[in-house]
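Here is the structure we will look at.
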Amino acid sequence: MQIIISKITDQVLFGLLLASALMPLAVAKQLAHPFTTTKDLFLRVIVALALPIAVIVWFKSPKLPRLGFLGWSVFFVWLAASLATVFSVDRANSFWGFAERLTGWLTISLFILWGILLWRLFAGEKRRRIFLGVWSAVWLIVAALAVLERVIPGFWAQFHGEGRRSVSTFGNPIFLSGGLVLAFGLLGVTIADFRSKKNRWLALAAAAVIFGSALIFTETRGAYLGALAGAFAAIFCLALWSRRRFFWIGALAAAATLIIAVGILWILRGNPAVKNAPIIGRVVSIFNGADPSQIQRLQLWGMAFRAIKSRPLFGWGLENFDTAVDRLYDPNFTRFGITNSFSDRAHNNFLDIAATSGIVGLVAYLVFLAALVYQLLRARKLGRLSNFSAAIGLGGIAAYAVASLTSFDTHATYMNLAPLVALIAALAAAPRAAAAPEMTPQHGYGSSFSPVIFAGAVAISAGLIIFGTIPLIRGSRIVRQAIGAASGEELSRAAAAIMTFKNPYRANEEHRIANEIFKDVGNDAERGRPAEELLPLGEKLIRDAVARRPEHFASRFTLANILLVSAMRGLGSFEAAAGMLEEARTLAPNRQMVDYQLGNLYLVQKKPEEAVRVFKRALSLAPDVAVSHWDLGRGLAALGDNPGAAKEFFAAWDRSFGINRPREEINLANNVLLANGDLSMLLYFYRKWSEHEPDNSKIFTSLATVSAMLGDRVQTYKALQRALQLDPSISSEVPDFLKKYGLPSNFLTAPPPHE
Numbered sequence: 234m235q236i237i238i239s240k241i242t243d244q245v246l247f248g249l250l251l252a253s254a255l256m257p258l259a260v261a262k263q264l265a266h267p268f269t270t271t272k273d274l275f276l277r278v279i280v281a282l283a284l285p286i287a288v289i290v291w292f293k294s295p296k297l298p299r300l301g302f303l304g305w306s307v308f309f310v311w312l313a314a315s316l317a318t319v320f321s322v323d324r325a326n327s328f329w330g331f332a333e334r335l336t337g338w339l340t341i342s343l344f345i346l347w348g349i350l351l352w353r354l355f356a357g358e359k360r361r362r363i364f365l366g367v368w369s370a371v372w373l374i375v376a377a378l379a380v381l382e383r384v385i386p387g388f389w390a391q392f393h394g395e396g397r398r399s400v401s402t403f404g405n406p407i408f409l410s411g412g413l414v415l416a417f418g419l420l421g422v423t424i425a426d427f428r429s430k431k432n433r434w435l436a437l438a439a440a441a442v443i444f445g446s447a448l449i450f451t452e453t454r455g456a457y458l459g460a461l462a463g464a465f466a467a468i469f470c471l472a473l474w475s476r477r478r479f480f481w482i483g484a485l486a487a488a489a490t491l492i493i494a495v496g497i498l499w500i501l502r503g504n505p506a507v508k509n510a511p512i513i514g515r516v517v518s519i520f521n522g523a524d525p526s527q528i529q530r531l532q533l534w535g536m537a538f539r540a541i542k543s544r545p546l547f548g549w550g551l552e553n554f555d556t557a558v559d560r561l562y563d564p565n566f567t568r569f570g571i572t573n574s575f576s577d578r579a580h581n582n583f584l585d586i587a588a589t590s591g592i593v594g595l596v597a598y599l600v601f602l603a604a605l606v607y608q609l610l611r612a613r614k615l616g617r618l619s620n621f622s623a624a625i626g627l628g629g630i631a632a633y634a635v636a637s638l639t640s641f642d643t644h645a646t647y648m649n650l651a652p653l654v655a656l657i658a659a660l661a662a663a664p665r666a667a668a669a670p671e672m673t674p675q676h677g678y679g680s681s682f683s684p685v686i687f688a689g690a691v692a693i694s695a696g697l698i699i700f701g702t703i704p705l706i707r708g709s710r711i712v713r714q715a716i717g718a719a720s721g722e723e724l725s726r727a728a729a730a731i732m733t734f735k736n737p738y739r740a741n742e743e744h745r746i747a748n749e750i751f752k753d754v755g756n757d758a759e760r761g762r763p764a765e766e767l768l769p770l771g772e773k774l775i776r777d778a779v780a781r782r783p784e785h786f787a788s789r790f791t792l793a794n795i796l797l798v799s800a801m802r803g804l805g806s807f808e809a810a811a812g813m814l815e816e817a818r819t820l821a822p823n824r825q826m827v828d829y830q831l832g833n834l835y836l837v838q839k840k841p842e843e844a845v846r847v848f849k850r851a852l853s854l855a856p857d858v859a860v861s862h863w864d865l866g867r868g869l870a871a872l873g874d875n876p877g878a879a880k881e882f883f884a885a886w887d888r889s890f891g892i893n894r895p896r897e898e899i900n901l902a903n904n905v906l907l908a909n910g911d912l913s914m915l916l917y918f919y920r921k922w923s924e925h926e927p928d929n930s931k932i933f934t935s936l937a938t939v940s941a942m943l944g945d946r947v948q949t950y951k952a953l954q955r956a957l958q959l960d961p962s963i964s965s966e967v968p969d970f971l972k973k974y975g976l977p978s979n980f981l982t983a984p985p986p987h988e
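Converting from the sequence shown to the working numbering requires adding 233 to each position, the first position being numbered 1.
Here's what the structure looks like:
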């Protein structure tokens, strides 16, 4: 009987670990975050089921190999994450993870446990080959989906949305690209193990085409740089180790090609056709220092450095970079829009780790990378890896490290790091005489079996299912129901359900549903539920979220917005909304958005003096932010100061103000500039406005009028032609227009000579 049980437990454990290779394909659109949450749930279930069985199998098996340098480095990474969680500014968030990212202590620990399970599995060559074969096939499917969604219109549209960049089964191009660069390294090591050299090269070439195409379609610049670095690292290692002229020639040719390509891209970086091209445009933006995304990355890095300086030892805590951003916000970050002013990652993995886990975490991470490279080289030295396999493995690590300079760790990187570390650790382990070639256990439980340890493993697994898996599934489904609610009644039911469901992610879920209610009311209750019913429900939700996360800025700001809308509809007081905005300010003193909303509140209350005061305060934080000038212009217009308002509106447009504003605000600026009588300023305003609303005939009619008043015939001709193209019905008014401004009757058929 014991022999049968031994075989069953061994096969079940192998089956579970083999099933875990399917993790990258896990997607469930019934959940709030169908990509990340599903994969995390998949991991939790696999580890929960495998852990007790692994305890049984391992106590019946020969001794495990020593951990070695790499194993200890992983332990120190886990220890640093644990310390960062203990000393976190929000321990619950650090432990459980933010509901959208789910990369808190629990998930990191589970990936490490999964890696340990794989490490033991990889001690046997046959099962290692089977797992890596399935893993490689799964990632080839992931890469192929990324290619198909770009090549076939409408493919994967239910998950892809309206974005242009490929997302495959990860829902985010940055996540996907980070996984691809590591997965190719692991896949390359697997392919390099083929006995047939011909099959090896064919398989590697095919994989390179599929993975390369998928990576290109993600349009992720950091991953491009990482892939180049990985390729050069692999070629250089092959040239160094093999001493064959072929590889040296290849390395020099690749370097020369890269230098020429960079030179061409540098020359073409300002060409409009190149800049607007789908893929090449993303590449040339690397050389554009004025590119908004690059400027914001540098600003984020600056905030990350300040976060490290303020909490240097253990950091702000896992999943709490957004809190650091709120407290240490750079006001110039608002320059490119309010909606772009939030970030929960530093977009540099090294800075992100240092900010959230402190110097302790960063040192542990760097030691881990060094140990990974060291053990890979050791496996090569022991003859466990060929030169070819080792070179590709090093290339994958180099690609990951370089890509991490502009990216961050996600489930996609963790689920490739775990098997890569397990593989290298297993191959680099010193041979032992007693080691068995496979994971198959000895018969019988042996004297070393401990019922206490087994009971502990069962308790951990049960706790993981009861407290960490079921609540996440149910809560995520409720949020999805709220987001997809077709009626106000469905939205109300989802809100009521989340308030009665105790779970560790409740504050995040309440915040998400409250935002959905706020959005619905802002769209005039498009789901058919009156605001009088929805707003009190949204307020109750977000107040509970604030109580659970009192230091969370976004929750308080959302509560203030709901209170403001309630006051505007006669369901609350403006004083309560203003008070909550002031509370939110204490959590993010440099965020102008608080003053913007407070100024809006005062404008609604017909208190323009107060509105101007707070708008000026926002402007003083960063004078180059266009939104601050625009809102100050609105405040001055309400005061009747048209010259001052005109100056601020002009300053906003002069700073490339490219944010869509409500039509009433645009009309206000138009009226102020007209009343001020500065035609050159008005012409500039209409030109800018026409860029943002190129299909609005009235704008082009106004642009033609002002151009004619200024005597600019070329601009008049262009604007009038565009206005007629958009609205042919105004053609009857054209003769009077031409006569009024002294233009010939054949003006539209005979363009100005310098046109």
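For glycine and all other residues, C-beta sits at the position ideal for the given N, C-alpha and C.
**Request:** Give the straight-line distance between the Cα atoms of Asn-741 and Phe-403, rounded to the nearest whole angstrom.
**Result:** Numbered from its first residue, the sequence shown carries residue 741 at position 508. Numbered from its first residue, the sequence shown carries residue 403 at position 170. Each residue's alpha carbon lies about 21 angstroms from the other.
**Message:** Suppose contacts are defined by Cβ-Cβ distances below 8 angstroms. Is Leu-246 in contact with Val-290 by that definition?
**Reply:** Position 13 of the sequence shown, counted from the start, is the residue given in the question as residue 246. Position 57 of the sequence shown, counted from the start, is the residue given in the question as residue 290. Yes; because the gap between Cβ atoms is below 8 angstroms, this pair is in contact.
**Request:** Could you round the C-beta distance between Asn-649 and Gly-445 to whole angstroms and report it? I think they count as a contact, below 8 angstroms.
**Result:** The residue given as residue 649 occupies position 416 in the sequence shown. The residue given as residue 445 occupies position 212 in the sequence shown. With a Cβ gap of about 17 angstroms, Asn-649 and Gly-445 do not count as contacting.
**Item:** Local Cβ density within 10 Å of Trp-338, reported as buried at 16 or more and exposed below that
**Value:** Numbered from 1 along the sequence shown, position 105 holds the residue referred to as residue 338. It counts as buried.
**Request:** Kindly provide the ranges of any alpha helix (DSSP H) runs that are 4 or more residues long and lie completely inside the stretch 337 to 409, ordered along the chain.
**Result:** 338 to 354, 358 to 384, 390 to 393
**Asked** Hey, how far is the Cα of Arg-824 from the Cα of Glu-816?
**Response** In the sequence shown, counting from the first residue as 1, residue 824 sits at position 591. In the sequence shown, counting from the first residue as 1, residue 816 sits at position 583. Distance between the alpha carbons of Arg-824 and Glu-816 is about 13 angstroms.
**Item:** Leu-724 vs Ala-718 beta-carbon contact at 8 angstroms
**Value:** Translated into positions along the sequence shown, residue 724 becomes position 491. Translated into positions along the sequence shown, residue 718 becomes position 485. Contact flag set, yes.
**Prompt:** Roughly how many angstroms lie between the CA atoms of Glu-772 and Tyr-738, to the nearest whole one?
**Reply:** The sequence position of residue 772 within the sequence shown is 539, counting from 1. The sequence position of residue 738 within the sequence shown is 505, counting from 1. Whole-angstrom Cα-Cα distance: 18 angstroms.
**Prompt:** Out of curiosity, what's the CA-to-CA distance linking Ala-884 and Tyr-974?
**Reply:** As a working note, residue 884 is residue 651 in the sequence shown. As a working note, residue 974 is residue 741 in the sequence shown. Spanning the two alpha carbons is a distance of roughly 29 angstroms.
**Prompt:** Got a sec, what are the start and stop residues for the alpha helix (DSSP H) Asp-559 sits in?
**Reply:** As a working note, residue 559 is residue 326 in the sequence shown. Segment 554 to 560, the alpha helix (DSSP H) holding Asp-559.
**Message:** Helix, strand or coil for Ile-571? Go by DSSP, reduced to three states.
**Reply:** The residue you call residue 571 lines up with position 338 of the sequence shown. Coil, per DSSP.
**Request:** Report buried or exposed for Leu-595, applying the criterion of at least 16 other Cβ atoms within 10 angstroms of its Cβ.
**Result:** Along the sequence shown, read from residue 1 onward, the residue named residue 595 stands at position 362. For Leu-595, the number of other beta carbons within 10 angstroms of its own is at least 16, and it is reported as buried.
**Item:** Nearest-angstrom Cα separation, counted from Pro-968 out to Leu-901
**Value:** Here residue 901 corresponds to residue number 668 of the sequence shown, with the count starting at 1. Here residue 968 corresponds to residue number 735 of the sequence shown, with the count starting at 1. Distance between the alpha carbons of Leu-901 and Pro-968: 29 angstroms.
**Prompt:** Touch check for the stretch 433 to 441 and the stretch 598 to 606: three-plus C-beta pairs under 8 angstroms?
**Reply:** no
**Request:** Please check the pair Phe-331 and Asp-577, which I expect to be a contact at CB under 8 angstroms, by giving their CB distance rounded to whole angstroms.
**Result:** By one-based count along the sequence shown, residue 331 stands at place 98. By one-based count along the sequence shown, residue 577 stands at place 344. Indeed they touch by this definition, with Cβ atoms about 7 angstroms apart.
**Asked** Taking DSSP as the reference, what is the three-state secondary structure of His-266?
**Response** Mapped onto the sequence shown, residue 266 falls at position 33. In the structure shown, His-266 adopts coil according to DSSP, grouped into three states.
**Request:** Return the chain-ordered list of same chain residues with a C-beta closer than 7 angstroms to the C-beta of Leu-660, the five sequence neighbours on each side being excluded.
**Result:** The residue labelled residue 660 in the question sits at position 427 within the sequence shown. Closer than 7 angstroms at the Cβ level, and outside the excluded window around Leu-660, lie Ala-612, Arg-617, Leu-618.
**Message:** Taking only three categories from DSSP, how would you classify Gly-301?
**Reply:** Within the sequence shown, residue 301 is the residue found at index 68, counting from 1. The answer is helix: DSSP assigns Gly-301 an H, G or I state.
**Request:** In angstroms with no decimal places, state the Cα-to-Cα distance between Ala-537 and Thr-567.
**Result:** Reading the sequence shown from its first residue, position 304 is the one you call residue 537. Reading the sequence shown from its first residue, position 334 is the one you call residue 567. Each residue's alpha carbon lies about 16 angstroms from the other.
**Request:** Pull up the distance between the alpha-carbon of Ala-579 and that of Thr-639, whole angstroms please.
**Result:** On the sequence shown, residue 579 is found 346 positions in, with the first residue counted as 1. On the sequence shown, residue 639 is found 406 positions in, with the first residue counted as 1. Each residue's alpha carbon lies about 8 angstroms from the other.
**Item:** Three-state class that DSSP yields for Ala-989 in the structure shown
**Value:** Past the boundaries of the shown model lies residue 989; the chain is included only from 234 to 988, so the question cannot be answered.
**Whole-angstrom distance between Ile-698 and Ala-666, CA atom to CA atom** = Residue numbering aside, residue 666 sits at position 433 when the sequence shown is read from its first letter. Residue numbering aside, residue 698 sits at position 465 when the sequence shown is read from its first letter. Unreliable positioning characterises Ala-666 in this predicted model, as indicated by a pLDDT of 39, which lies under 50. The coordinate reading is nonetheless provided below. Taking the straight line from one Cα to the other gives about 39 angstroms.
**Request:** May I have a chain-ordered list of the beta strand (DSSP E) segments no shorter than 3 residues that lie completely inside the stretch 838 to 904?
**Result:** none
**Prompt:** Where does Asn-979 sit, in a helix, a strand or coil, going by DSSP?
**Reply:** On the sequence shown, position 746 is the one that residue 979 refers to. Collapsing the DSSP output to three states places Asn-979 in coil.
**Message:** Less than 8 angstroms between the C-beta atoms of Ile-630 and Val-422, yes or no?
**Reply:** Counting from 1 along the sequence shown, the entry for residue 630 is found at position 397. Counting from 1 along the sequence shown, the entry for residue 422 is found at position 189. No, these two residues do not count as a Cβ contact at 8 angstroms.
**Item:** Every unbroken alpha helix (DSSP H) within the stretch 600 to 660, with a cutoff of 4 residues, ordered by chain
**Value:** 620 to 636
**Prompt:** Excluding five sequence neighbours on each side, which residues of the same chain lie with their C-beta closer than 8 angstroms to the C-beta of Leu-959?
**Reply:** Counting from one through the sequence shown, the residue named residue 959 turns up at place 726. Answer for Leu-959: Asp-928, Asn-929, Ser-930, Phe-933, listed in chain order.
**Request:** In the DSSP assignment, find the unbroken alpha helix (DSSP H) run with Lys-921 in it and report its ends.
**Result:** The residue labelled residue 921 in the question sits at position 688 within the sequence shown. It spans 912 to 925 - the alpha helix (DSSP H) in which Lys-921 sits, taken as one unbroken run.
**Request:** Report buried or exposed for Gly-873, applying the criterion of at least 16 other Cβ atoms within 10 angstroms of its Cβ.
**Result:** Locating residue 873 in the sequence shown gives position 640, where the first residue counts as 1. The residue in question, Gly-873, is exposed, as its Cβ has fewer than 16 Cβ neighbours within 10 Å.
**Message:** Taking 8 angstroms as the limit between beta carbons, can you name the residues of its chain near Ile-775, skipping five residues before and five after?
**Reply:** By one-based count along the sequence shown, residue 775 stands at place 542. If we look at Ile-775 and ignore the five residues flanking it on each side, its Cβ neighbours are Glu-743, His-744, Ala-747, Ser-788, Thr-791, Leu-792, Ile-795.
**Request:** If I'm right that Phe-302 touches Tyr-633 with Cβ under 8 angstroms, what's the distance once you round it to whole angstroms?
**Result:** Along the sequence shown, one-based indexing puts residue 302 at 69. Along the sequence shown, one-based indexing puts residue 633 at 400. Your pair Phe-302 and Tyr-633 does not check out as a contact, with CB atoms roughly 19 angstroms apart and the cut at 8 angstroms.
**Item:** Val-685 versus Gly-357: straight-line alpha-carbon distance, rounded
**Value:** In the sequence shown, counting from the first residue as 1, residue 685 sits at position 452. In the sequence shown, counting from the first residue as 1, residue 357 sits at position 124. Approximately 28 angstroms between the Cα atoms of the pair.
**Continuous alpha helix (DSSP H) stretch holding Gly-455: start and end** = Indexing the sequence shown from 1 puts residue 455 at position 222. First-last of the alpha helix (DSSP H) with Gly-455: 454 to 475.
**Message:** Among the candidates Asn-833, Leu-282, Asp-857, whose CA atom is the shortest distance from the CA of Leu-869?
**Reply:** Position 636 of the sequence shown, counted from the first residue, corresponds to residue 869. Here the closest residue by C-alpha is Asn-833.
**Asked** Is it the case that the Cβ atoms of Val-322 and Gly-696 are separated by a distance below 8 angstroms?
**Response** Numbered from its first residue, the sequence shown carries residue 322 at position 89. Numbered from its first residue, the sequence shown carries residue 696 at position 463. Their beta carbons are not under 8 angstroms apart, which means Val-322 does not touch Gly-696 by this criterion.
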